[in-house]
Amino acid sequence: MASSDDKKVADLYKNPVVKLPHINELKEIDAELRLKSSDEEIEFVHEHLKDVIKAYQRVNELIEPQLPVKYPRTPGFKADDDAWYWKCEVKGASTGKLAGKTIGIKDNVAVAGVPMMNGSKILEGYTPEFDATIITRILDEGGIIAGKTVCEDMCFSGNSWTSSSGPVKNPFNNRLSAGGSSSGSAALLARKEIDLAIGGDQGGSIRIPSSWCGTVGLKPTFGLVPYTGIASIETTIDHTGPMARTVKDCALLLEVIAGYDEGRDPRQIPNVEIPSYSKLVDDGVKGLKIGLVKEGFSFKQMEEDVAKLVRESATKLTGAGATVEDTSIPIHDDGLEIWTPAAFEGTYKCMVQGNGAGYHWKGHYPTSMQEAHARGFATRPHDMSFALKLVVIIAEYISKNYQNKFYAKSLNLTNVLTMAYDEALKKYDVLIMPTLPMKPLPLPTEKDDLHEIIRLTFDMIKNTAPFDSTGHPALSINAGFSEGLPVGMMIIGKKFDEATVLKVARAFEKIRDGK
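With full-length UniProt numbering as the guide, the letters of the sequence shown map in order to residues 1 to 515.
This is how it looks when you write it as structure tokens:
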């Protein structure tokens, strides 16, 4: 047994995890915080800090739990393609629901041993040593990880031009946007290079590219699918979910990735039953009531042909036995405004200052990913996209001058917004509106000024963002084409009732495809 002298010698040679600051540094912090502490109080803080550092030293020495890596793999290679960031082939179990299917993974999701940059130079060079929970679930069911798909810079854009690897082009017109931020996932599905994909959604980032690429994308109920091991934007709006070419495939992937991740993700509600979504989708819609939300069809950015096509497409569900009628949810007009303070300030506090994971939630923190974010933000903050710089500057100004007043009010008003949708969903089984108010926007060019660039980046999210705030499930399916470009129809359901959302989407898919 080691003596106390031996322990002192061992401690002497430990590299301190936290350096003891000079007392003048503490005085500077005190002045910045306007605490007006006396010299005696500062000296006491300096002395007490020695004991606090010991606790931090011990925490650093203890072994933290890691997310499992169950299947061998090689790192693959960097892809020379606008929609792929990294190509690889990670195989899991030999049998299962996804056996033989190739899956593209949005590059904000950790895949052990495969480089990850989250669309940004900030994170470039980072390789996670763990698999996100949804990756393990995919591999357990026989899925093949085909690579990391390009996403927007830190996932903060509805257009597809901000990624450090370059723009992702729309598969129907290479001068137009594929939509963001899960841009590569949707484009590769439309190009039929993969069978399935994973996307992420904080303001519409699964549904936007699904709409503009003519594919299917589901933002699940908040907490249905674990977010463990995925780079966070703001913990109250973080969602990850399935993307596919067909409703059945989307349902199948959801079936695999959904479910409680005990002790790791506090966003989740335990004991939520996961049905066989892929078997339920063909149950039909006879007797279901569908509400077309007036406010989702009529606002400044709405293109007339988009609204007309979605309304006509939704009305076709009457042929399958559903009742379709107009309804009004006036507060939907304020949904984007309610989302904005939580999204802007939350992004700054969680993703930038909180280094991709934030604070104040119990669960599994991806510490190596946090450290990579921290190094990137500390050494090259200028490498952020202009869209993210805009958010950071505004959020810092609000924080300095108004503290968290508007963030808090935003979340309080989110409860009001949630209740309004819930009330409408007592009368209707699902709600429908256009996913986006317009057909695919152009990719920015050197002729565009900053005002136009920001319009092209954020102008499409009025219908999608509110459901990230409230957490309702929302699916985008191609309603058809206008001027040769796809138009998305969004189907919104009760929380944890993805089954009904998928049934309605499948019923429409059959009508659309003449089956």
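Yeah, the Cβ is synthetic: ideal placement off N, Cα and C, and Gly gets one too. All figures in this text were calculated on a predicted structure; none of them were measured in a lab.
**Request:** Please look up how many angstroms separate the CB atoms of alanine 186 and leucine 309, rounded, as I've assumed it's under 8 angstroms.
**Result:** So it is not a contact: roughly 19 angstroms between Cβ atoms.
**Asked** How long is the line joining the alpha carbons of threonine 95 and alanine 83, rounded to whole angstroms?
**Response** Computed Cα separation, rounded: 29 angstroms.
**Request:** Give a yes or no on whether the C-beta atoms belonging to isoleucine 398 and phenylalanine 406 are separated by under 8 angstroms.
**Result:** Cβ distance < 8 angstroms, so isoleucine 398 and phenylalanine 406 count as in contact.
**Prompt:** Can you tell me whether methionine 419 is buried or exposed, with buried defined as 16 or more other CB within 10 angstroms of its CB?
**Reply:** Around the CB of methionine 419, fewer than 16 other CB atoms lie within 10 Å, so the residue is classed as exposed.
**Prompt:** In whole angstroms, what separates the C-alpha of asparagine 118 from that of leucine 252?
**Reply:** Straight through space, the alpha carbons of leucine 252 and asparagine 118 are spaced by roughly 26 angstroms.
**Request:** Have a look at serine 210 and lysine 192 and give me their C-alpha separation to the nearest angstrom.
**Result:** The alpha-carbon atoms of serine 210 and lysine 192 are separated by roughly 14 angstroms.
**Asked** For glutamine 403, does the count of other Cβ atoms within 10 angstroms reach 16, so buried, or fall short, so exposed?
**Response** By the 16-neighbour rule on beta-carbons within 10 angstroms, glutamine 403 is exposed.
**Request:** Could you spell out where the beta strand (DSSP E) holding isoleucine 144 opens and where it closes?
**Result:** Where isoleucine 144 is concerned, the enclosing beta strand (DSSP E) stretches over 144-149.
**Prompt:** If we count the other Cβ atoms within 10 Å of its Cβ and call it buried at 16 or more, is proline 275 buried or exposed?
**Reply:** In the assembly as shown, proline 275 is an exposed residue. Its beta-carbon has fewer than 16 other beta-carbons within 10 Å.
**Message:** Can you tell me which residues form a DSSP beta bridge with phenylalanine 77?
**Reply:** In the DSSP assignment, the residues bridged to phenylalanine 77 are Lys87.
**Member of Leu26, Gly319 and Asp429 whose CA lies at the smallest distance from the CA of histidine 48** = The shortest C-alpha to C-alpha distance from histidine 48 to any of Leu26, Gly319 and Asp429 is the one to Leu26.
**Message:** When you compare the CB positions of alanine 231 and methionine 369, do they come within less than 8 angstroms of one another, or not?
**Reply:** A distance below 8 angstroms separates the beta carbons of alanine 231 and methionine 369.
**Item:** Supposed contact pair leucine 411 and alanine 342 - C-beta distance, whole angstroms, cut 8 angstroms
**Value:** Confirmed, about 6 angstroms.
**Asked** When burial is assigned at 16 or more other CB atoms within 10 Å of the CB, is serine 182 buried or exposed?
**Response** Classification of serine 182: buried, given that the 10 Å Cβ count is 16 or more.
**Message:** Please state the DSSP three-state secondary structure of tyrosine 407.
**Reply:** Three-state result, tyrosine 407: helix.
**For serine 157 and serine 385, believed in contact at Cβ under 8 angstroms, the rounded distance** = Contact check for serine 385 and serine 157: beta-carbon distance about 7 angstroms, within the 8 angstroms limit, so the pair qualifies.
**Prompt:** Is DSSP giving serine 177 helix, strand or coil here?
**Reply:** It is a strand residue.
**Asked** What's the call for leucine 33, buried or exposed, on a 16-neighbour Cβ count within 10 Å?
**Response** So leucine 33 counts as exposed.
**Message:** By the three-class DSSP mapping on this structure, what secondary structure does phenylalanine 467 have?
**Reply:** The answer is helix: DSSP assigns phenylalanine 467 an H, G or I state.
**Closest by C-alpha distance to asparagine 15, when choosing among Ser37, Glu61, Phe44 and Glu41** = Checked all of Ser37, Glu61, Phe44 and Glu41; the closest Cα to asparagine 15 is Glu61.
**Prompt:** For histidine 373, is the classification buried or exposed, using 16 other Cβ atoms within 10 angstroms of its Cβ as the cut-off for buried?
**Reply:** Histidine 373 comes out buried.
**Prompt:** What are the start and end residues of each continuous alpha helix (DSSP H) run of 4 or more residues lying completely inside the segment 335-365, in chain order?
**Reply:** Within the segment 335-365, the complete alpha helix (DSSP H) runs of at least 4 residues are 335-347.
**Those residues which DSSP pairs with methionine 490 across a bridge** = Assignment of beta-bridge partners to methionine 490 by DSSP yields Met433 and Ser476.
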